[in-house]
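Structure, as structure tokens:
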Amino acid sequence: MAERTLFRGARVVDPAAGLDDVMDVLVQEGGVAAVGSGLDGLGSTVLDCEGLVLAPGLVDMHAHLRQPGREDKETVETGCRAAAAGGFTAVAPMANTDPVADNAAVIHEIRDLAVQADLCNVFPVGAITKGLEGEFMADIGEMVEAGVRMFSDDGRCVPTARILRNALTYAKTFDDVVLAEHCEDASLAEGGQMHEGYHSYTLGLAGAPGEAEEIAVARDLAVARLTGGRLHLCHLSSARSVELVRRAKAEGLRVTAEVTPHHLVFSDEDLVAYDTNLKVNPPLRTAEDRASLRAALADGTIDAIATDHAPHAVEEKEAEFDRAPPGTIGLETALGAVLTELVGPGLMDVRRAVEAMAVAPARILGAADHGGPIEMGRPANLVVFDPAASWVVEPPFHSKSRNSAFLGRTLQGRVIHTMLRGELTVTDGKPTR
Ligand code: DOR
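See below:
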């Protein structure tokens, strides 16, 4: 591997530095050495980037890498390879592994696996409650000492306001620690296979109403107000949740929110063929909900896009709809989905997409080496993509699983190079290792 790499003539889109211009970027010894025009490529590997966009490497603050415990679905290595192929340089795997990441030993194990794979920076999320059981607080202090900055019981909602209050109050005593909530009132959502409404009635599937999310969002925002703690809301799916977040932000609460590519692209109407790859939690809601999510992402009410990459075994997803587990893989399709469905039709520009997929998640996660700015001396964590290249989503995937909601769709926008600390993890669209 050459020590110097010159990206020549790329459209550099870097919201963190307020940059959107055709330029060269020179990388040396893991860092950005220069950004400018007509840079000297002597002694460098020169990558021609005419017509391509160069941006800070993408950051996924919400993925499931399944290791330890379900290595048949994904490992830290395969998940990181899928992430790199999708343009990501940092990933935060959720704590619902087996054993649960509710103590420093599991956190260290995941981090060690990530260091061995050397494809992405991995920021393991710690559980809020022991075993995700919602009864006793996990060893948050021990995990903070091990470097964890985000905690979540994702897959489940913290069941009582009291435990959430205690956790937010405790988390507040540390700098920059954030609790990420999977907002779902279990008593209302229980048994629900999809969004409750016209389409669940016609398909004959049990529904989970939007209120299951909205009740939890309202409760959690109230607890954030009570404690002054820092709260992040995972995978919002409903228009009324968005309204609650909008008001909470106007009030000055310390709250951030994310949305997934699949909730931005699909709605409950798409379930007509009982495609289990579209069974996700929270469920795909109405076209009106989707329109609100898109608008909220465009105007910044929703800060970030997160994949909720959720690999599942083929035989599990081939089961009847009500027996299949919820989740879609998403790392390899996130950028293409956002460029095709949001940037293409003019709902937002590339700059806002990069902000939502790199800058904002890096800031929320505290991943200081990621999300730009692309400036001299900064670590070279970068993505280069072709906004015009079309491709069809189909196996094989770099992920071990193939349960993609986007299977068979044509996406416009393809990752060409991904660079982690100055080393190409993906070049010409292919992982280097
Ligand atoms: O669809 C989902 N799958 N949503 C979740 O919250 C959990 C995830 C999983 O772990 O499979």
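Each residue of the sequence shown is one higher than the one before, starting from 0 at the first, in numbering that gives the first Met the number 0. Every residue gets a Cβ at the ideal spot worked out from N, C-alpha and C, and that includes glycine.
Near ligand 1: residue i beta-carbon under 7 Å from a heavy atom
{"i": "Gly326", "result": "yes"}
{"i": "His63", "result": "yes"}
{"i": "Arg279", "result": "First, the amino acid is wrong: residue 279 is Val here, not Arg. Indeed, a heavy atom of ligand 1 lies less than 7 Å from the Cβ."}
{"i": "Ala309", "result": "yes"}
{"i": "Asp153", "result": "yes"}
{"i": "His181", "result": "yes"}
{"i": "Asn276", "result": "no"}
{"i": "Asn95", "result": "yes"}
Chain-order list of residues whose beta-carbon lies under 6 Å from that of residue i (same chain, five-residue window excluded)
{"i": "Asn280", "result": "Pro325"}
{"i": "Lys129", "result": "Asp101, Phe135 and Ala137"}
{"i": "Gly227", "result": "none"}
{"i": "Arg239", "result": "Glu213"}
With 16 other Cβ atoms within 10 Å as the buried cut-off, status of residue i
{"i": "Tyr200", "result": "exposed"}
{"i": "Ala286", "result": "exposed"}
{"i": "Pro92", "result": "buried"}
{"i": "Ala309", "result": "buried"}
{"i": "Ser389", "result": "exposed"}
{"i": "Glu212", "result": "buried"}
{"i": "Leu41", "result": "exposed"}
{"i": "Asp434", "result": "The question about residue 434 has no answer here: the residues shown for the chain are numbered 0 through 432."}
{"i": "Gln192", "result": "buried"}
{"i": "Ala84", "result": "buried"}
{"i": "Lys72", "result": "buried"}
{"i": "Ser36", "result": "exposed"}
{"i": "Thr409", "result": "exposed"}
{"i": "Glu393", "result": "exposed"}
Same chain only: Cβ atoms within 8 Å of residue i, ignoring 5 sequence neighbours per side
{"i": "Pro67", "result": "Thr96, Asp97, Pro98, Val105, Glu108 and Ile109"}
{"i": "Asn380", "result": "Pro55, Gly56, Thr88, Ala89, Asn120, Asp368, His369, Met418, Leu419 and Arg420"}
{"i": "Leu252", "result": "Leu220, Ala223, Arg224 and Leu230"}
{"i": "Glu374", "result": "Ala16, Val31 and Val34"}
{"i": "Gly376", "result": "Gly30 and Val31"}
{"i": "Arg148", "result": "Phe122, Asp175, Val176, Val177, Leu364 and Gly365"}
Same chain only: Cβ atoms within 7 Å of residue i, ignoring 5 sequence neighbours per side
{"i": "Glu434", "result": "Here the chain comprises residues numbered 0 to 432, so residue 434 is not present and cannot be evaluated."}
{"i": "Val342", "result": "Asp348, Val349 and Ala352"}
{"i": "Arg7", "result": "Asp23, Gly40, Val45, Leu46, Asp47 and Cys48"}
{"i": "Thr306", "result": "Asp59, His61, Ala62, Thr259, Pro260, Gly329, Leu330 and Ala333"}
{"i": "Glu210", "result": "Leu187"}
{"i": "Glu2", "result": "Gln27 and Glu28"}
Hey, which unbroken runs of the alpha helix (DSSP H) at 4 residues or more fall wholly within the region 268-335?
286-298 and 313-316
So within the region 68-145, which uninterrupted beta strand (DSSP E) runs reach at least 3 residues, ignoring any that extend past its ends?
The qualifying runs are 87-92.
In chain order, which continuous runs of the beta strand (DSSP E) of length 3 or greater are located wholly inside the region 166-225?
177-180
Is it true that the region 153-164 meets the region 184-201, where meeting means three or more beta-carbon pairs spaced less than 8 Å apart?
yes
Are the region 89-108 and the region 404-417 touching, with three or more C-beta to C-beta distances below 8 Å?
no
Stretch pair the region 42-49 + the region 74-88: three plus CB contacts closer than 8 Å:
no
If we require 4 or more residues per run, which alpha helix (DSSP H) segments fall completely within the region 372-411?
none
Check whether the region 320-335 and the region 385-402 are in contact - that is, three or more C-beta pairs closer than 8 Å.
yes
The region 347-366 / the region 4-15 touching (three or more Cβ pairs under 8 Å)
The answer is yes - the region 4-15 touches the region 347-366, with three or more Cβ pairs under 8 Å.
Validate contact between the region 312-325 and the region 335-343 using beta carbons, cut 8 Å, 3 pairs
The region 312-325 is not in contact with the region 335-343.
What are the start and end residues of each continuous alpha helix (DSSP H) run of 4 or more residues lying completely inside the region 234-259, in chain order?
238-250
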